[in-house]
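All letters in the sequence shown, in the order written, are residues 0 to 407 by numbering that gives the first Met the number 0.
Input: a single structure, listed below in structure tokens.
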Amino acid sequence: MAQFYTLLTDVGQAKLANAVALGQTIEITELAVGDGGGSLPTPDSGAESLINEVRRAPINTSTTDPDNPSWIVVEQVLPPDVGGWTIREIGIFDVDGDLIGVGNYPETYKPVLAEGSSRTQTVRFVLEVSDTAAVTLKVDPSVVLATREYVDDQRAEHEASRNHPAATTSEQGMVQLATSQQAREGTRTDRAVHPAGLVSTINTLLGNTAGILEITETTQLDAADAGKAILATDGPFTITLPPVINMRDGGICMFINGGNEEITVERSGSDEIAAGGSTETSLTVGQGDALVLVRASSSKWHVAGGSTALEFSSLFWGNKANNGYQVLPGGLIIQWGQASSSGSAGLITAAMPIAFPNAFLFGIASDSGGNTTRSVAGSWDWLQSTLSEFAAYWETNPSDWSFLAIGY
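Here you go:
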């Protein structure tokens, strides 16, 4: 039989059997060493304490031996400032203070600093049990010491794993790189920007596009296409916008018609396209024209630029109806319309589509030929005209006539 060994005490055997039967566990919390009263003891299963205990403290580590699954390995670190005695016996205690396992130990003197020599020493207790699942080894990290080997093993295991703390604005840690699209969106707080993403974001902010996407057929865009110049060729076809809710605030979509036919830019779902004072479901981009849309809200695009936007600008405001008008940059306004008269010859007036804000400069009146009798052409009467009413003098009563007015 081996000279040095450990065994379960009677109390330990009883507690282990009870724990296995009831599906419970024994909680091992402390390890004690003793000097055996001056001689090497023989482990006794009937023992309830060590022969001469010199130190008891919480366990430092506890594992199951990888080569012997039924072996429980418990370690305790003896710091440099304890000692002055020879270790000859060892025992482990549960949370109730009962001696669960006991063993003898190769005689080892533990010096203390006052003796002129000292060291940190690790004491290991190996106990074989029938069911390791019934034994819980409890380590209190606030009061125990760790061996250098334990620290090195734990560090190596941590460095080899991917379970690292995430970096925050106040704490160091690991971060994941953002894609160029995430960098441009600017909504993530748990990603780091790499150089390519940074340049892409700066270019977008400075007005440079994030690239060119050529489209030659009907296409549904997604949020990843935001910031690119959408070059449409070989029309006609329809391009459907990405859902606005998937775009970041201020995200843009730019369209350039490089083909010979019109293209249609259409909303996604029930999204709206705000154009001037109107709300559109689609816009037509003519040959050589461009269109820039900006996310205005979670359900609305706003027409922000491009030659297509001129139609909706106050500088080019207009109404292309039978009685309509066109505003030009600089404030000049051209109006046109048709009117009917059932009266007699002489002064006849018609309301214009809108009132000139400042002055009525020029007008032309003409018979529309609405009946079989041709009347003498009328003339604009500027004295009788107002900012909102066109006045013409007719020698013969016209049933239908037209006018053209210019003002500002």
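For each residue, glycine too, the CB sits at the ideal point set by N, CA and C.
By the neighbour-count criterion, in which 16 or more other beta carbons inside 10 Å mark a residue as buried, K14 falls on the buried side. The C-beta of T5 has 16 or more other C-beta atoms within 10 Å across all chains shown, which makes the residue buried.
With a 10 Å radius around the Cβ and a threshold of 16 neighbouring Cβ atoms, F389 comes out buried.
Sorting P194, G45, A358 and W400 by C-alpha distance to the C-alpha of A349 places W400 at the top. In the structure shown, the three-state DSSP call for R118 is coil. Contact between L314 and V326 is confirmed by a C-beta separation of about 7 Å, below the 8 Å threshold.
The straight-line gap separating the alpha-carbon atoms of E261 and S387 is approximately 37 Å.
About 5 Å separates the CB atoms of I58 and V73; that is less than 8 Å, so the two are in contact. Here A155 is not bridged, per DSSP, to any residue. Non-local C-beta neighbours of I99 in its own chain, meaning closer than 6 Å and more than five positions away in sequence, comprise G11, I91 and D93, ordered along the chain. For the options I27, I71 and E88, the alpha carbon positioned closest to that of T41 is the one of E88. Cβ neighbours of R123 within its own chain (closer than 6 Å, five residues either side excluded): E74.
Between M253 and R294, the CB-CB gap reaches or exceeds 8 Å.
Counting only runs of 3+ residues, the beta strand (DSSP E) found wholly inside the region 71-117 occupies 84-93 and 98-109, in chain order. Straight-line measurement puts the Cα of L30 at about 22 Å from the Cα of P65.
Per the coordinates, the alpha-carbon of F3 lies some 30 Å from the alpha-carbon of Q23. Contact between the region 213-220 and the region 232-243 is present: 3 or more CB-CB pairs across the two stretches fall below 8 Å. Secondary structure of E310 (DSSP, three-state): helix.
The three-state secondary structure of L290, taken from DSSP, is strand.
As the crow flies, the alpha-carbon of T167 is around 20 Å from that of P194. In this structure, N321 sits near Q337, with a CB-CB distance shorter than 8 Å. No Cβ-Cβ contact shorter than 8 Å links N318 with G287.
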